[in-house]
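Visitor:
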Amino acid sequence: MHRGVYTPQGWTHTRVHCPGLIAFRSSGKSKYPVTTVQYRSFSLLAGGPVLLTCTQDGSLSFFSVALEIKGYLTLRCSLKLAPRVHSIRASFCPLLSLEKGEYIVAGSEDSNIYFYDLTRPKHTCVNKLQGHRFPVGDVAWNHGENLLATSDLYGIVIVWKRAKTSQDIYKR
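If you count the sequence shown from 1, position 108 lands on 108 in full-length UniProt numbering, and the numbers rise without skipping.
1) Hey, N146 and R133 are a contact pair by Cβ (cut 8 Å); roughly how many whole angstroms apart?
2) Rounding to the nearest angstrom, what Cα-Cα distance links I69 and V37 in this structure?
3) According to DSSP, is I113 part of a helix, a strand, or is it coil?
4) Less than 6 Å between C-beta atoms, sequence neighbours within five positions excluded: which residues of the same chain meet that for I22?
5) Does the beta-carbon of E102 have 16 or more other beta-carbons within 10 angstroms, so that it is buried, or is it exposed?
6) Within the continuous beta strand (DSSP E) that includes N127, where are the two ends?
7) Return the Cβ separation of V139 and S91 in integer angstroms, given the expectation that the two are a contact with Cβ distance under 8 Å.
8) Decide if Y154 is buried, meaning its Cβ has at least 16 other Cβ atoms within 10 Å, or exposed.
9) Pick helix, strand or coil for P49, following the three-state DSSP scheme.
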């Protein structure tokens, strides 16, 4: 179980519960709620379990989780995206990450879907999908990660299919 909590006092807390372990992290004063908290049991970049958080101010954070130290979180990298008016979510790209880097996909208020490679120090955005007319609020993968569903704030859902090419191209 994993969850993010935004308190009225402006503190953002992240709690991760792994079998037999509970971790707690307080990131300090924050004016923005957490929109995404995702746990993944393994990452090549971190060499173990990881946690992804995204807040409404556009802060995307990638933590390694030290299970041997009761779930201690270490910030591995972070991105500062454009601040958001709406609740916009992000997600891991687990299979793509095993192949090439450490990929995150996120919706945006400019109606696009962005892929970020956290292993790149500069120019982390590696792909952009266009097709929505309104801000993209959520992104979700199927189990095989060959289909990506995105939804916008008008209620339109687009299912993108991964093309079978040498590059990662998605089509509607």
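From the three backbone atoms N, C-alpha and C, an ideal C-beta is built for every residue, glycine too.
Guide: By the coordinates alone:
1) Here the question's residue 146 lines up with position 146 in the sequence shown. Here the question's residue 133 lines up with position 133 in the sequence shown. Contact doesn't hold; Cβ gap of about 25 Å is too wide.
2) Your numbering for residue 69 matches position 69 in the sequence shown. Your numbering for residue 37 matches position 37 in the sequence shown. Between I69 and V37, the C-alpha separation is close to 20 Å.
3) On the sequence shown, residue 113 is found 113 positions in, with the first residue counted as 1. Three-state DSSP puts I113 in a strand.
4) Locating residue 22 in the sequence shown gives position 22, counting from the first residue. No answer about I22 holds up, because its pLDDT of 38 lies below 50 and its placement is not dependable.
5) Position 102 of the sequence shown, counted from the start, is the residue given in the question as residue 102. Sixteen is the threshold: when 16 or more other Cβ atoms of the shown chains lie within 10 Å of the Cβ of E102, as they do, the residue is buried.
6) Counted from its first residue, the sequence shown places residue 127 at position 127. Unbroken beta strand (DSSP E) run through N127: 125-130.
7) Residue mapping note: residue 139 aligns to position 139 of the sequence shown, counting from 1. Residue mapping note: residue 91 aligns to position 91 of the sequence shown, counting from 1. Their Cβ separation, rounded to whole angstroms, is 5 Å, which keeps V139 and S91 in contact under 8 Å.
8) The residue given as residue 154 occupies position 154 in the sequence shown. Under this definition Y154 is an exposed residue.
9) The count along the sequence shown starts at 1 and reaches residue 49 at position 49. The answer is strand: DSSP assigns P49 an E or B state.
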